[in-house]
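21 is the number that our numbering gives to position 21 of the sequence shown; each next residue is one higher, with no gaps. Read the structure below first, then the notes.
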Amino acid sequence: MNARLYAILDTGYSSPEQWPELARLLIRGGAGILQIRAKGAPPEAIAGWTVPVLPVARDAGVPLIINDHPDLVPLTGADGCHIGQDGGRLASARAVAGPGKLVGRSTHSLEQARAAQAEGADYIGFGPIFPTPTKPGRPAIGPEAITAMSREITVPAFCIGGITPENLPGLVALGARRVVVVSALLTAPDPAGAARRCRELLGE
1 MNARLYAILD TGYSSPEQWP ELARLLIRGG AGILQIRAKG APPEAIAGWT VPVLPVARDA
61 GVPLIINDHP DLVPLTGADG CHIGQDGGRL ASARAVAGPG KLVGRSTHSL EQARAAQAEG
121 ADYIGFGPIF PTPTKPGRPA IGPEAITAMS REITVPAFCI GGITPENLPG LVALGARRVV
181 VVSALLTAPD PAGAARRCRE LLGE
């Protein structure tokens, strides 16, 4: 996986009707992977919101991931799914998503990152690095955790949680090579420009 910037289309910050155009803008800015995240929404609604985004992602060669619902992957033709720590066994999600599909796992400590890697995750999310409104009540693990993780974990690892263009340089200095950015992109007046800035800060 070559993606360095992971963008999430989240119902907490944007309307699903905006997602095809937002996807275009984020990809134009350098997002290399996109996720559909609609916590609490009915699966049939999530499927309906995913389908219009697919051609945008496909035309750009960018994988489109669905959060929490491996069963929607074969239904929609998405490229994979992302599951949390409470999302069950990764092998079960992979069996439901289908052959050749990506399966990512959220991790909140180095121990969980090790376990996800051993389990065969295609990539992991690692965080939250900072407190974030998308995960209220979840304690931040802190930027310092990045260094040990980046030395040990060999699968693609995306740091997540409260990341902005302003704090990203410090994370890169600690070893972050890939990040997930949510609110700083979706609430930006210029989403493409915000994505481009993040991608530039990540370097080559």
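Backbone N, C-alpha and C fix where the C-beta goes; we use that ideal spot for every residue, glycine too. Only a predicted model underlies this, so the values are computations on that prediction, with no experimental measurement involved.
When DSSP assignments are scanned along the region 5 to 74, the uninterrupted stretches of beta strand (DSSP E) that are 3 or more residues long and fall wholly within it turn out to be 5 to 10, 33 to 37, 64 to 67. Beta-carbon to beta-carbon, arginine 28 and leucine 202 are separated by about 16 Å, too far to satisfy the 8 Å threshold. The straight-line gap separating the alpha-carbon atoms of proline 156 and glycine 48 is approximately 29 Å.
A direct Cα-to-Cα measurement between glycine 175 and glutamine 18 gives close to 34 Å.
Just measuring C-alpha positions, the residue of Ala184, Pro43, Gly170, Gly162 sitting nearest threonine 147 is Gly170. Take alanine 93, set aside five residues on each side of it, and the residues of its chain with a beta-carbon closer than 8 Å to its own are Pro70, Cys81, Ile83, Gly87, Val103, in chain order. A direct Cα-Cα distance of roughly 5 Å separates proline 128 from isoleucine 160. Secondary structure of glycine 80 (DSSP, three-state): strand. For leucine 202, there is no enclosing beta strand (DSSP E); the enclosing alpha helix (DSSP H) has its first and last residue at 191 to 202. Here valine 51 is exposed: its Cβ has fewer than 16 other Cβ atoms, across all protein chains shown, within 10 Å. Closest in C-alpha terms to proline 16, from the list Gln35, Ala184, Glu119, Met1, comes Gln35. Secondary structure at threonine 107: strand, using DSSP grouped into helix, strand and coil. Following the DSSP letters along the chain, one finds glycine 125 inside the beta strand (DSSP E) bounded by residues 123 to 126.
Nearest neighbour of valine 56 by Cα position, chosen from Glu119, Leu22, Val172, turns out to be Leu22. If you draw a straight line from the Cα of aspartate 79 to the Cα of isoleucine 65, it is about 6 Å long.
If you draw a straight line from the Cα of asparagine 67 to the Cα of valine 179, it is about 17 Å long. About 6 Å separates the beta carbon of alanine 195 from that of leucine 185, a gap short enough to meet the 8 Å contact definition. A distance below 6 Å between beta-carbons, with the five flanking residues on each side excluded, links arginine 37 to the following residues of its chain, in chain order: Ile8, Asp10, Asn67.
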